[in-house]
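Here the protein sequences come in this chain order: B and F. For the first sequence, position 7 matches number 7 in full-length UniProt numbering, and the numbering has no gaps at all. For the second sequence, position 515 matches number 515 in full-length UniProt numbering, and the numbering has no gaps at all. C-beta: ideal position from N, C-alpha, C; glycine also.
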Amino acid sequence: MELINANPVIHEKRERRIRQAPENIDENAPEAIDQLEIFDHIRDIKDPEHPYSLEDLNVVNEDSVEINDELSHVRVTFTPTVEHCSMATIIGLCLRVKLMRSLPPRYKVDIRLTPGSHATEAAVNKQLSDKERVAAALENSNLLDIVEECLSPTLG
Amino acid sequence: MAKVPAGEWVPHVEAFVDVSRSPAQHSAGVDALAALVNKDKLTLFDLVSKMDMYLTTTDHIVRARGILLLGQIMSHISFKWLDVNAITTLSDFFISRLSDWQALRGALVGCLALLHRKSSVGTIMVADVKRLVEAFIADVQVQSLAAADRKMCFEIFSWILDHYPEAVKTMDDELLYWICQSIDEEKDPECLKLSFHVVEVVMKLFPDPSGIADQFASDLFEILSKYFPVYFTHGAGDNLGVTRDELSRALMHAFCTSPYFEPFAIPLLLDKLSSDLPLAKLDSLKYLDNCIHCYGADRMVTHASAIWFKLKEVLFSLSSDQLLSSGSPKDAENNKNQIISEAEHCLKTAVTYIHSSDRDIFINLILLDEDIVNNIHSVTTEENSIGSSLQALGSVVSILAGSSTYLCTRVFQAHFKRLVDILGNSAGFDSQHLSIANGSSPASINYGALYLSVQMLSSCREVAVASREGVPAEESWWLILEEKLDQIIHLFGKLLTIDSQPTQSAVRKECISFAVKGLLILATIPEQCSLLLENAYENILLMLTLVITSKYENAHLWRLSLKTLTSIGSSAVELHASKREMVYNRIVVDKIIRLAESCDASMPLNLRLEACFEVGTASVNYMLRVARSLEETVITNISQVNGSIECADYVTCLIDFYSSRLLPWFFTSGGLNELALSFALRLWDEIGDLVTLDRIISQGLLDSLMMGMKLLVRVCTEEQQSLIVQKACGIVSSMLSLPVKALTRHLLSVDELVPAHSVQDTALVCMLSSVIVGLWPQTPVPEMMMMINLFSVFLLNGHIPAAHALASIFNKYLQNSEFSHEIKLDKILDVILGGCFSIVLPSSNLKMSCSPAATLDNANFSDSLPGSIGSKIDILCGLAWIGKGLLMRGDEKVKEISLFLLKCLSSDASLATAAADAFHVMMGDSEVCLNKKFHARIKFLYKQRFFSILMPIFLSKLKETSELTTKLVIYRAFGHIITNAPVSAVITEAHQILLVMIDILAKLSVDIQDKDLVYSLLLVLSGMLMDEKGKECIVENIRIIISVLAQLVSYPHMMVVRETALQCFVAMSSFPHSKVYRMRSQVLQAAIKALDDKKRAVRQEAVRCRQTWQSSFA
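This is the structure in structure tokens:
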């Protein structure tokens, strides 16, 4: 099979922001879920067709995560490497599955394409936010295998 | 020796000759025959005469087996003495067999065995060796043989060349011709390694200029050159017996063996240097380096320019993507760095070795090289050009200048002045601008010029250190440096002072590092080279000291300068430059010490102290000055304090610093001597003054003084310690408000005790106890009776430091001549314990004490001293300390204490809790006293033993108890025992206590006060999870364990407990599926709940836990 994007541009990783050891060692001080934490969950997801991470390919970056912990809402906007990329739905599915597994059930997860980054943007967005279609996709064992493989590097 | 009849050994021969038998039978036959020969039960003569037919038959196969048998027997009897006749006969035989190509193997084995014989057991004669070589040349066609035979041929040859060179020395070109023929087209690695060795040795045997080696050099080299660079296609797993590196090294030695190879080798190596294979480049450089050594300057001179051009190419224009590499970019980078460092090494060798007729040859080549000239020009004009070309240039310049005084001078003549001038101009450092140069807008510094000049300075220092010939001759680098010295020091200093803002760019930081490095180099050029430098030396020290005292906000610069000052100081000491040491003492040490001497200064105290320590590390003398000054400061501040809280904090810091940094340093590097002793005695002098004592107490200095005193006493020798104890005893007994006289005579019974003490008395006892805690067991102690009485009085009033002292006394069995302590100390202990027991539990009719005296005491004091509950708890804690002392030494009396504590567990609530915590004191490790640092006697495995004694007692006690509160207390006590015992000991008892442990975890997780204990128990459980036996036990009880852990996942009081519980779950996911699948939903529920934990670490662990449990059961 021919690759959709045979020669993706590898972006230099921004230096990982190392979290400072929490200054407040108070046992009860809450540490809210924040942008970096969400990004840490998804940065190492492998691209479906290359051995690079989504971060390497600049499909997601820290700024593509919007989060509101109080309203339990998170939105991830991702940018496929090429406009006609048919892998966009798979990438979106990986992002959704990863976040579903990593966030408490109270969260509503919203996965979107960056506006103007894809030829069939509206269709993909619709597909990704349709719960039943996501559930149906995960029933498909081939698809699930691909997703699991892409997620495997995130469990360091 | 009786001979064995032929009938017994001949079958062995027949077995060997019969090719249809198995190899095992063959070798058994050889072994049996060799053993017979070795034991003299069979003579060689008999053997050979019986074998006659096998050795001479016309059947090739049988003959080959026969000869091989004889050869193998020969190699088995290499330690048996043989006479000349036997050896000559045998060697005649084997040499003659060399022409028998069908049966060659046996002849080769035999020859090799003969050659290997040591002279003490009879060796082959040189004339025979010569015949052997001739026979070889005439009859053996090495390349037509199988690999094993070839290997043997090469072994024979290299053995002859190594051990019988006189046999071959007189031979003519036939030998070399034969060798050429034999090694040509060889491909087996083991044979190759041997053949390279043969070439190496044979070329060395014929060194004469018009000899045959010269004629054959070209032919031999042609054969050798085919193998360069050695390249293995085999993987690492193939067992070849030889590695690539070994083979390559053997080939290199062959290359270097004779200067006659030079006309062929050097062009080949230079040619291969242009290869894209990293391996070829690396090997070429290594070979070249060795060849330059071996061929000699005269021959190498002709290649000088070619070598330089090739090396220049590597150094300046090698980039990692040029190299063919299968590995990652990191590998390529690694290869590149290796190649560059090898090239630098090679250049250094070339510069050092090739200068026979014309010592300017390399310097002219390099300095006048157009590329170099252009390069220097461009890096010094472009600002901030940090690149590989600058680095390459720097290394070429420093290699060149660092090779000899002459070369250094030439390099300095050519460039140094100009570089300094450029540096001066670049940043507007001209003298007229100096005053207005400030941190806000410094012009950019010429990085290239700075880098190159520091490189030059470093190589001139190298030269100076290497030559050590006093002041260099005229016209040397020194004069040039001297001329520019003031200017360059000034420039470096300006770089340090110009930057005051703490945040800087990376380039800025680099610049500062180089400036500081430059100063370091200048200050460490050996004294004899630079008599004129004294002034400059002072200047440098002043500059750096100024940075330390005033520029502490700039952490990078500050640390760098401090390190540099330390290195300058230690180099002065190492070089025995006494004058410099004086200057250093005057300028640096004085100033830095003064930093720590005042209580209020703008500079943070920890930095001031660190500066003192770092400067002190340069030499013991400096450190002694630092120590004395700190001591003085502490004493002054204690004796005449103005009373402010900051000042007390300051003294606390000083004491902590002294005992935690200085004392360990002195302890490891020597020079402690009287230091600790005098400090301790002076402290006691101060304590002896009532006013000072009051002040110490009111300012809360007592704790740090106690710790300081312990550490001071600990490092003293026994004699010094006994001096301190004497002084302390004297002062304490003169100042106490208690009737000291009464204390000295006999052991007080408890009703004589004085109930209340003043604050001063308590402080004095604290300090005295600190002295006791730090003593060696062998130190003689005066006034033992008085002290024991004193401490007992305070212990019974609930004073813990007194308990520490008593625990140390009973643990160490301190020395005293007053009484034979073996018996008496025990009795005293009984009385003290009895006293404690009856105060704590007056109502119970305990019969704890064994001695009648103690029971008597028990009877009559119980109602006289009621004792508040608070002091009872303290006494229990004190008892635990004494128990710990006894336990560590392995004293049986510890049983009494633990039984008493167990009894207390069932008394009223607060006392029972204290008793439970007492077990923690007994089993836990402590920093305060009774540890290795304070010379405690520690019996091997004492914790394990205590654990196994107490475990059954606790288990049965738990069974008996039904009341909940008591059960909780017992749980707590047992929890302390389990968590402090070695995990391996707990695991061996896992089947008995696992369920109890889980129960403890579940019950204790209610109360916030038990959180540390819960965590420790959880750690024990996770330790079990790592162990096979522990795992088995856990699997058996998996259901209950998982439900308790699931509760702990939401443990509210401690984050690490939640995290560890989740980690345990992760570890359990690898358990057999059939055992855990039913608990899956419970674990997942707990993990999903933890996804919303308020702490991030727990959430991360929850994600992992959820993932592993979800996927392993998918």
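Which residues does DSSP list as the beta-bridge partners of valine 109 of chain B? Paired residues: B:Val74.
Restricting to runs no shorter than 3 residues, where is the beta strand (DSSP E) found entirely within the stretch 162 to 192 of chain F? Fully enclosed beta strand (DSSP E) runs of no fewer than 3 residues are not present anywhere in the stretch 162 to 192 of chain F.
Out of B:Val76, B:Ile91 and B:Pro105, point me to the one whose CA is closest to valine 1103 of chain F's CA. Among B:Val76, B:Ile91 and B:Pro105, the Cα nearest to that of valine 1103 of chain F is on B:Pro105.
Using beta-carbon positions only, say whether isoleucine 488 of chain F and valine 420 of chain F come within less than 8 Å of one another. The answer is yes: Cβ separation under 8 Å.
Ordered list of beta strand (DSSP E) runs contained in the stretch 366 to 429 of chain F, each at least 3 residues: Counting only runs of 3 or more, we get nothing.
Near tyrosine 295 of chain F, which residues of its chain fall below 6 Å by C-beta distance, leaving aside the five closest residues on each side in sequence? Within its own chain, the residues whose Cβ lies closer than 6 Å to the Cβ of tyrosine 295 of chain F, once the five positions on either side in sequence are excluded, are Pro259 and Glu262, listed in chain order.
What first and last residue would you give for the beta strand (DSSP E) that runs through isoleucine 67 of chain B? Its beta strand (DSSP E) spans residues 65 to 68.
C-alpha gap between phenylalanine 974 of chain F and threonine 633 of chain F, whole angstroms: Note on geometry: alpha-carbon atoms of phenylalanine 974 of chain F and threonine 633 of chain F lie some 48 Å from one another.
Starting from arginine 586 of chain F, trace the alpha helix (DSSP H) both ways and give me its first and last residue. First-last for arginine 586 of chain F: undefined, no H or E at that position.
Within 10 angstroms of the Cβ of threonine 56 of chain F, are there 16 or more other Cβ atoms? Answer buried if so, exposed if not. That one is exposed.
Determine the closest residue to histidine 976 of chain F out of F:Leu964, F:Leu1018, F:Val1006 and F:Ser956, with distance taken between C-alpha atoms. For the set F:Leu964, F:Leu1018, F:Val1006 and F:Ser956, the Cα lying nearest the Cα of histidine 976 of chain F is the one of F:Leu1018.
Does DSSP classify serine 1043 of chain F as helix, strand or coil? Helix.
Assuming glutamine 720 of chain F and leucine 677 of chain F are in contact, meaning their beta carbons sit under 8 Å apart, how far apart are those beta carbons, in whole angstroms? With a beta-carbon spacing of about 4 Å, glutamine 720 of chain F and leucine 677 of chain F fall inside the 8 Å limit used to define contacts.
Residues of the UniProt domain "MIP18 family-like" (37 to 106) of chain B in Cβ contact with chain A at a cutoff of 9 Å, in chain order, please. Among the protein chains of the structure shown, namely B and F, there is no chain A.
Do you know how far the Cα of glutamate 538 of chain F is from the Cα of serine 567 of chain F? Near 15 Å, if we compare the C-alpha coordinates of glutamate 538 of chain F and serine 567 of chain F.
Would the beta-carbon of leucine 407 of chain F fall within 8 Å of that of alanine 401 of chain F? Contact: yes.
Between F:Gly122, F:Lys312, F:Ile788 and F:Arg150, which has its C-alpha nearest methionine 74 of chain F's C-alpha? Nearest C-alpha to methionine 74 of chain F: F:Gly122.
Where does lysine 517 of chain F fall in DSSP's three states? Helix at lysine 517 of chain F.
For a minimum of 3 consecutive residues, which ranges assigned as the beta strand (DSSP E) are wholly contained in the stretch 1012 to 1070 of chain F? Restricting attention to beta strand (DSSP E) runs no shorter than 3 residues, the stretch 1012 to 1070 of chain F encloses none.
The alpha helix (DSSP H) with threonine 120 of chain B in it runs from where to where? Unbroken run through threonine 120 of chain B: none, as it is neither H nor E.
Simplified DSSP state of proline 1072 of chain F, which is helix, strand or coil: Note: proline 1072 of chain F maps to coil in three-state DSSP.
List the endpoints of the continuous alpha helix (DSSP H) containing valine 17 of chain F. Where valine 17 of chain F is concerned, the enclosing alpha helix (DSSP H) starts and stops at 6 to 17.
When you compare the CB of glutamate 31 of chain B with every CB in chain F, is at least one pair closer than 8 Å? Judged by the 8 Å Cβ criterion, glutamate 31 of chain B is in contact with chain F.
Residue environment, methionine 784 of chain F, which counts as buried when at least 16 other CB atoms sit within 10 Å: Classified as buried, methionine 784 of chain F has 16 or more neighbouring CB atoms from the shown chains inside 10 Å of its CB.
Using a C-beta cutoff of 8 Å, does leucine 113 of chain B count as contacting chain F? No - not a single Cβ of chain F is within 8 Å of the one on leucine 113 of chain B.
Can you tell me where the alpha helix (DSSP H) holding threonine 56 of chain F begins and where it ends? In this chain, the alpha helix (DSSP H) harbouring threonine 56 of chain F covers 44 to 56.
Quick check on leucine 138 of chain B - is its C-beta less than 8 Å from some C-beta in chain F? Using a Cβ-Cβ cut-off of 8 Å, leucine 138 of chain B does not count as an interface residue toward chain F, since no Cβ of chain F sits closer than that to its own.
Residue from F:Glu960, F:Leu457, F:Glu462 and F:Lys509 whose Cα sits closest to the Cα of leucine 485 of chain F: Across the set F:Glu960, F:Leu457, F:Glu462 and F:Lys509, the C-alpha of F:Leu457 shows the shortest separation from the C-alpha of leucine 485 of chain F.
Secondary structure of proline 780 of chain F, DSSP reduced to three states: Three-state result, proline 780 of chain F: strand.
For the candidate residues F:Gly870, F:Ser698, F:Leu950 and F:Ser907, whose alpha-carbon lies nearest to that of valine 894 of chain F? Shortest Cα-Cα distance from valine 894 of chain F to any of F:Gly870, F:Ser698, F:Leu950 and F:Ser907 involves F:Leu950.
Which full runs of the beta strand (DSSP E) of 3+ residues lie inside the stretch 889 to 918 of chain F, going along the chain? Taken in chain order, no unbroken stretch of beta strand (DSSP E) lies wholly in the stretch 889 to 918 of chain F with a span of 3 residues or more.
Kindly list, in the order they appear in chain F, the residues whose Cβ is closer than 7 Å to that of leucine 155 of chain B. Correct list: Arg1104 and Gln1107.
Given cysteine 150 of chain B, which residues of its chain have a CB within under 7 Å of its CB, disregarding the five upstream and five downstream residues? Correct list, in chain order: Ile45, Lys46, Pro48 and Cys94.
Using a beta-carbon distance below 8 Å, is glutamate 149 of chain B in contact with chain F? Any Cβ of chain F closer than 8 Å to the Cβ of glutamate 149 of chain B would place that residue at the interface, and such an atom is absent.
Can you list, in chain order, the stretches of the alpha helix (DSSP H) that have 4 or more residues and sit fully within the stretch 692 to 718 of chain F? Listed in chain order, the complete alpha helix (DSSP H) runs (minimum 4 residues) inside the stretch 692 to 718 of chain F are 702 to 715.
Here's a check: name, in chain order, each residue in its chain whose Cβ is nearer than 6 Å to the Cβ of serine 639 of chain F, leaving out the five neighbours to either side. Here the set comprises Glu686 and Thr692.
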